[in-house]
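Reading through the structure tokens given below for one structure.
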Amino acid sequence: MLRYIYGHDLHRHPRLAHSMFKDRADQFRNRLGWDVQVDENGEERDSYDTHDPLYVIWENADGSHGGSMRFLPTTGPVMVNDVFGHLTGGAPVTSPLIWECTRFCLSRDAKSHVAAALMLGGGEIMSGFGIRHFVGVFDARMVRIYRAIGSSPEVLGSEGEGRDRISVGLWDFSEEARARVAARAGIAPETSRGWFECSFGGAPVREMALSA
Amino acid sequence: MRGELDLILSDLDDTQALEGLQDVIERLRDAFGVDHMIYHWVDSTGEQYGCGTYDRAWVHHYLEKGYLRVDPVVAGCFNSFHPVDWKSLDWSSKVARDFLADALTFGVGNQGFSIPIRGPNGQFALFTVNHTCNDDTWAAFTATHNSDLILIGHFFNRKALEFEPDRKGEASRALSPREIEAMTLLAVGHNRAQVADALSISEHTLRVYIESARFKLGALNTTHAVARAMSRGLILVASNDGPERKAVNTQTARLPQR
Chain C
0 MLRYIYGHDL HRHPRLAHSM FKDRADQFRN RLGWDVQVDE NGEERDSYDT HDPLYVIWEN
60 ADGSHGGSMR FLPTTGPVMV NDVFGHLTGG APVTSPLIWE CTRFCLSRDA KSHVAAALML
120 GGGEIMSGFG IRHFVGVFDA RMVRIYRAIG SSPEVLGSEG EGRDRISVGL WDFSEEARAR
180 VAARAGIAPE TSRGWFECSF GGAPVREMAL SA
Chain S
0 MRGELDLILS DLDDTQALEG LQDVIERLRD AFGVDHMIYH WVDSTGEQYG CGTYDRAWVH
60 HYLEKGYLRV DPVVAGCFNS FHPVDWKSLD WSSKVARDFL ADALTFGVGN QGFSIPIRGP
120 NGQFALFTVN HTCNDDTWAA FTATHNSDLI LIGHFFNRKA LEFEPDRKGE ASRALSPREI
180 EAMTLLAVGH NRAQVADALS ISEHTLRVYI ESARFKLGAL NTTHAVARAM SRGLILVASN
240 DGPERKAVNT QTARLPQR
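Order-wise, the sequence lines are chains C and S.
Its first residue numbered 0, the first sequence is counted upward by one per residue in numbering that gives the first Met the number 0.
Its first residue numbered 0, the second sequence is counted upward by one per residue in numbering that gives the first Met the number 0.
Here it is as structure tokens:
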């Protein structure tokens, strides 16, 4: 299932959180060869993890991490502006309606539907919270993965060549794109919506209103 | 409603004193046709500042009772950056239920939608819309207006920060060269497809430049953003046809070729 968890709540899901940060080390350090910080527990974290981001995480049936990504609003510190500002037109991309999506990660043995499920989660955030765009930084190898799940970003700017090419890209979701991603993920839209509502409360409080 | 909102937000942007925010929030409340609208700034020491349309008696009561400590809206928003429907908050404790029951007796509506906002150095504020209606009506209202309310809340906070004595410069409101080019071309009447073509970018990418520019300019829509950019002198558009075309050509001529 998909979970939406703020950084400050990760401690409530210790197994999920630990396996996510370990899978990030595996993907970004071991497989992609990025220069990232991995601690003594084998967990990869960067400074943006300290800004209490919102993680969207695919939880496997056994409670471990299958894939994840990380969101922060572009009104605060974000990688696209702090590190890759020169790729986006010379001034920060800033709007509470544009969130940055980074650290898109898939565990080594993730099934093919996990990536699409994560994208579907991105779509839930957009429609549920009125967010209009996501910007993100990605590596050349991700281009094929995004294409395969039917959610290719629009590239705003790139630097480097070949496998080292880093791009800043942009996603938005039309209704058709959402339907396409949902089909690839093999998840019914109502199920996905239910997971979203489960993560963000939404418990019925009719009783409360009556009590007044 | 659009034109009215644009006008109110221009007035917000032009407000020169903290007191002006109260007038703006009352007009916004009327424009959206809701019971209440509130801007509530809470700093790290627990100092509060705000403006809004709640009954003054409720505001005094809230402060007197120290409700800041028990208010589930403040607690729920303080730990998030997504817009929060009050229904999604934890009202299960007795103290929270008593607080709500008390609020309702002071004319606070049963439905609420709050936007958490964070400024520099841990500054935190809430922008809230409050109303009395059933759940379906409220869900339809928030689904229609959530993006606009998020922007308006942030415009309010930005304005409130401007009145801080030791505030820093306004670097975050500067338009990038690409944003200026896009706004200039829109100002001279090009449609989005033409602008995207002139800038050698996709319409999709153009939308992000426009979105970002709208936020910096304090506007909800592109027409208003262009008008604000012109009135603030951020883009220059000549009134007759000749120089205008020339200006556009100059803009496009220095674009990097892709």
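The C-beta atom is built at its ideal place from N, Cα and C for all residues, glycine as well.
Owing to the predicted nature of the structure, the values given are computational and were not obtained by experimental measurement.
Coarse secondary structure for residue i, derived from DSSP in three states
{"i": "residue 199(S)", "result": "coil"}
{"i": "residue 125(C)", "result": "helix"}
{"i": "residue 102(C)", "result": "strand"}
{"i": "residue 12(S)", "result": "helix"}
{"i": "residue 79(S)", "result": "coil"}
{"i": "residue 260(S)", "result": "Past the boundaries of the shown model lies residue 260(S); chain S is included only from 0 to 257, so the question cannot be answered."}
{"i": "residue 208(S)", "result": "helix"}
{"i": "residue 120(S)", "result": "helix"}
{"i": "residue 35(S)", "result": "strand"}
{"i": "residue 51(C)", "result": "coil"}
{"i": "residue 50(S)", "result": "strand"}
{"i": "residue 43(S)", "result": "coil"}
{"i": "residue 14(C)", "result": "helix"}
{"i": "residue 173(C)", "result": "coil"}
{"i": "residue 196(C)", "result": "helix"}
{"i": "residue 84(C)", "result": "helix"}
{"i": "residue 129(S)", "result": "strand"}
{"i": "residue 75(C)", "result": "coil"}
Chain S contact for residue i (CB, 8 angstroms cutoff)
{"i": "residue 128(C)", "result": "yes"}
{"i": "residue 102(C)", "result": "no"}
{"i": "residue 47(C)", "result": "no"}
{"i": "residue 148(C)", "result": "no"}
{"i": "residue 5(C)", "result": "yes"}
{"i": "residue 153(C)", "result": "yes"}
{"i": "residue 208(C)", "result": "Residue placement at residue 208(C) cannot be trusted, given a pLDDT of 38 that sits under 50; the coordinates are not used to answer."}
{"i": "residue 137(C)", "result": "no"}
Member of the options whose CA lies at the smallest distance from the CA of residue i
{"i": "residue 129(S)", "options": "174(S), 32(S), 228(S) and 234(S)", "result": "32(S)"}
{"i": "residue 175(S)", "options": "151(C), 43(C) and 85(C)", "result": "85(C)"}
{"i": "residue 173(C)", "options": "92(C), 47(C), 42(C) and 125(C)", "result": "125(C)"}
{"i": "residue 118(S)", "options": "155(S), 194(S), 37(S) and 104(S)", "result": "155(S)"}
{"i": "residue 149(C)", "options": "171(C), 115(C), 120(C) and 103(C)", "result": "115(C)"}
{"i": "residue 184(C)", "options": "6(C), 147(C) and 13(C)", "result": "147(C)"}
{"i": "residue 15(S)", "options": "201(S), 216(S), 158(S) and 218(S)", "result": "158(S)"}
{"i": "residue 136(C)", "options": "14(C), 56(C), 194(C) and 71(C)", "result": "71(C)"}
{"i": "residue 47(S)", "options": "36(S), 197(S) and 59(S)", "result": "59(S)"}
{"i": "residue 51(S)", "options": "34(S), 226(S) and 67(S)", "result": "34(S)"}
{"i": "residue 44(S)", "options": "122(S), 86(S), 6(S) and 78(S)", "result": "122(S)"}
{"i": "residue 111(S)", "options": "66(S), 199(S), 83(S) and 91(S)", "result": "83(S)"}
{"i": "residue 200(S)", "options": "181(S), 216(S) and 217(S)", "result": "181(S)"}
Own chain residues within Cβ distance below 7 angstroms of residue i, not counting five before or after
{"i": "residue 188(C)", "result": "181"}
{"i": "residue 92(C)", "result": "73, 79, 80 and 134"}
Other residues of its chain near residue i: CB distance less than 6 angstroms, five sequence neighbours each side excluded
{"i": "residue 17(S)", "result": "162"}
{"i": "residue 22(C)", "result": "64, 104 and 106"}
{"i": "residue 268(C)", "result": "A query on residue 268(C) cannot be resolved here, the shown segment of chain C reaching from 0 to 211 and no further."}
Sequence-distant residues of the same chain with beta carbon closer than 8 angstroms to residue i, five excluded per side
{"i": "residue 214(S)", "result": "150 and 153"}
{"i": "residue 221(S)", "result": "185, 209 and 213"}
{"i": "residue 129(C)", "result": "96"}
Any chain C beta carbon closer than 8 angstroms to residue i
{"i": "residue 201(S)", "result": "yes"}
{"i": "residue 214(S)", "result": "yes"}
{"i": "residue 225(S)", "result": "no"}
{"i": "residue 71(S)", "result": "no"}
{"i": "residue 164(S)", "result": "no"}
{"i": "residue 55(S)", "result": "no"}
{"i": "residue 129(S)", "result": "no"}
Does the structure place the stretch 5-13 of chain S close enough to the stretch 22-32 of chain S that three or more beta carbon pairs sit under 8 angstroms?
yes
Check whether the stretch 206-226 of chain S touches the stretch 172-188 of chain S, counting contact only when three or more Cβ pairs, one atom from each stretch, lie closer than 8 angstroms.
yes
With three or more beta-carbon pairs closer than 8 angstroms as the criterion, would you say the stretch 134-143 of chain C touches the stretch 161-179 of chain C?
yes
Validate contact between the stretch 43-55 of chain C and the stretch 5-15 of chain C using beta carbons, cut 8 angstroms, 3 pairs
yes
Touching or not, the stretch 192-209 of chain S and the stretch 125-143 of chain S, by the rule of three or more beta carbon pairs under 8 angstroms?
no
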